[in-house]
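Everything on this sheet refers to the single structure shown next.
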Amino acid sequence: MYYFTSDLHLGNNYNLILNKRPFKDYKQFERYLVKTWNSQVDGNDIIYVIGDLVDCHNKDNDTWKKSLNIVKKINSKIILIMGNNEERVVKYFFNNDFEAFRQYCLKLGYLDVKYHDKIKIKHRAFYLTHKPINHSKTMLTLFGHSHNAMGIYKSFGFNIGCDLSHFHLYDENDIMHFLDMKTNFWDKDENLKLI
Numbered sequence: 030m031y032y033f034t035s036d037l038h039l040g041n042n043y044n045l046i047l048n049k050r051p052f053k054d055y056k057q058f059e060r061y062l063v064k065t066w067n068s069q070v071d072g073n074d075i076i077y078v079i080g081d082l083v084d085c086h087n088k089d090n091d092t093w094k095k096s097l098n099i100v101k102k103i104n105s106k107i108i109l110i111m112g113n114n115e116e117r118v119v120k121y122f123f124n125n126d127f128e129a130f131r132q133y134c135l136k137l138g139y140l141d142v143k144y145h146d147k148i149k150i151k152h153r154a155f156y157l158t159h160k161p162i163n164h165s166k167t168m169l170t171l172f173g174h175s176h177n178a179m180g181i182y183k184s185f186g187f188n189i190g191c192d193l194s195h196f197h198l199y200d201e202n203d204i205m206h207f208l209d210m211k212t213n214f215w216d217k218d219e220n221l222k223l224i
């Protein structure tokens, strides 16, 4: 089964405060994620982290190294979709060499690292990308970046940010439920077209 999340910003207390996450520090947050995710997944599953697994704002911030090691604690495969924070890691620490960063992550245990991806869930195609502005024009998009500011629904897809799921992973059934809600309710609601 596929699982989805984004915008964890591990290794940083600032995002806990900014997003009003109910943890005393980033270490407690990470322990909670590991316990919660491992209760949801097994070794046959794939978690897509759709950007900003790590937090990196400048070349003096190397907490990303420790944060990437979460992969070793999870009982599932992880594919990392690049977010703006991973892009800064590539810029500041890998001399803009995406492939070097990708190889670094593969050695840690990631199944893959990509800028975007396309998958099928129950015969329905979805595009995975971090920023909603980069959404697909031809298929629904699973995205992050906006944390909880945009809500779950957009006409072009669904925000799978961790703040919207109380830090649980969304699974394929959740995505299909969102699709059903979009088709039968959200797309028909004139008030939602204003946002």
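Residue numbers (my numbering): 30 to 224. The beta-carbon is built from N, C-alpha and C at its ideal position, and this holds for glycine as well. Being a predicted model, the structure only gives us computed values, none of them experimental.
Review point. Measuring CB to CB, does residue 155 end up less than 8 Å from residue 164?
Key: no
Check your understanding: First and last residue of the beta strand (DSSP E) that includes residue 188?
Key -> 186 to 188
Check your understanding: Hey, would you say residue 176 sits closer than 8 Å to residue 113, going by beta carbons?
Key -> no
Exercise for review: Go ahead and pull the three-state DSSP assignment for residue 199.
Suggested key: strand
Check your understanding: Where DSSP assigns a beta bridge to residue 33, which residues make up the other side?
Key -> 77 and 199
Exercise for review: Go through the segment 100 to 161 residue by residue and report every complete run of the alpha helix (DSSP H) that reaches 4 residues or more, in order.
Suggested key: 113 to 122 and 127 to 137
Exercise for review: May I ask which residues mark the beginning and end of the alpha helix (DSSP H) holding residue 97?
Suggested key: 92 to 97
Check your understanding: Where does residue 58 fall in DSSP's three states?
Key -> helix
Exercise for review: Could you tell me the distance, in whole angstroms, from the CA atom of residue 96 to the CA atom of residue 52?
Suggested key: 17 Å
Practice item. Assign residue 167 to one of two classes, buried (16 or more other C-beta atoms within 10 Å of its C-beta) or exposed (fewer than that). Key: exposed
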